[in-house]
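My numbering puts the first residue of the sequence shown at 10, with every later residue one more than the last.
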Amino acid sequence: MSFSDLLYPDNPKRREKVIQLQQEIYSLMSNNFRATNLLINTINHHLHLDFPIISIQEKGTVQENCNILINSMRNIQKEVEKIDKKLKEKLEPEAYKKLHDLNLPHEQKKALLRLTAPIIGSISTVAGIVLITLIVKGVILTGMVVAIGTVATCGIAGLALAVVFIGVDLIASAIMGAVERDKLEHEISEYEKALDTFRPASLKYQNDIFYAIIKIENINNDVKHLQF
């Protein structure tokens, strides 16, 4: 134990706390990237689009990685909303309403494909219709865009994700005693404030995507035997 740790015995615990919070941010961010890529693969498959897979930038800042996620989500929203707008313009109001009714029987949704095919040829499955509805209604993406935007502008936004592994050692070697205590307490406060928003939003986002993918796959299995 260093001399400063003898004078400030809680500093080692504070360092461990900072590491723990940093690692939680990294883990949540990594899982958000993974969930987004699962969604991208599902969208590309069912809507015949070509969204690129995104990669976490470990040497980038928290803000830079948040921006990658936000841009990907907004691109998805923008493209799906364009498809939905076209459907709304071309379909009769009642048919459009049925299109977005998640409780409509699969047989009726499959029949709607005959109406959507001449408008948007890429929508060839009931799963594709449901996927559009989940995105347009904000079930999957909307809340997460807001939450990530908050994290991208908070006190930890400028820190690199790599700080998760090296930051505390640098703090310990460069700043001693009371100054280190104040620095660590400030970082703990900033991370905890960010996580108050980022943690629940991330877990909900990941669960929403897994729910959507499972729902889509179940629909695929259910409609295989249906005929027009």
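Glycine residues also receive a C-beta, built at the ideal position from the N, C-alpha and C atoms.
Are the CB atoms of residue j and residue i within a distance shorter than 8 Å?
i: Thr51; j: Ile222; result: yes
i: Glu165; j: Tyr200; result: Here the sequence assigns Ile to residue 165, which means Glu is not the residue at that position. Result yes, Cβ atoms of Ile165 and Tyr200 sit closer than 8 Å.
i: Ile34; j: Leu204; result: yes
i: Leu111; j: Thr142; result: yes
i: Glu194; j: Arg23; result: yes
i: Gln29; j: Ala161; result: no
i: Ile65; j: Ser36; result: no
i: Gly147; j: Thr70; result: no
i: Tyr105; j: Leu96; result: yes
Tell me, which residues are paired with residue i by DSSP?
i: Ala169; result: Thr70
To the nearest whole angstrom, what separates the beta carbons of residue i and residue j, a pair I think is in contact under 8 Å?
i: Ile63; j: Ser81; result: 5 Å
i: His115; j: Asp231; result: 6 Å
i: Asp217; j: Ile149; result: 5 Å
i: Leu56; j: Leu140; result: 7 Å
i: Asn20; j: Glu196; result: With 8 Å as the limit, Asn20 and Glu196 do not qualify as a contact, their Cβ atoms being about 12 Å apart.
i: Tyr214; j: Asn46; result: Contact doesn't hold; Cβ gap of about 13 Å is too wide.
Going by Cα to Cα distance, which pick from the options is closest to residue i?
i: Gln31; options: Leu212, Lys202, Asp231, Tyr214; result: Lys202
i: Ile129; options: Asn41, Thr45, Leu58; result: Leu58
i: Met153; options: Pro61, Val27, Glu25, Ala44; result: Ala44
i: Thr125; options: Arg83, Ala210, Glu98, Leu47; result: Glu98
i: Leu100; options: Arg123, Ser36, Val145; result: Arg123
i: Gln86; options: Phe60, Ser131, His54; result: Phe60
i: Ile49; options: Val27, Thr70, Lys95, Val89; result: Val89
i: Ile144; options: Ser198, Asn84, Ala210, Arg208; result: Asn84
i: His54; options: Ser198, Pro102, Ile132; result: Ile132
i: Ala210; options: Thr151, Lys107, Val27, Lys118; result: Thr151
i: Leu27; options: Ser198, Lys68, Pro102, Thr206; result: Per the sequence presented here, residue 27 reads as Val, with Leu not at that position. Ranking Ser198, Lys68, Pro102, Thr206 by Cα distance to Val27 puts Ser198 first.
Note to self: Across the region 152 to 163 and the region 59 to 77, are there enough close Cβ pairs to call them in contact, namely three or more that are closer than 8 Å?
What the structure shows: The region 152 to 163, when compared against the region 59 to 77, does touch it at the 8 Å Cβ threshold.
Margin query: Does the region 131 to 146 come into contact with the region 207 to 226, if we say contact requires no fewer than three beta-carbon pairs (one atom in each stretch) closer than 8 Å?
Written below: At 8 Å Cβ cutoff, the stretches touch.
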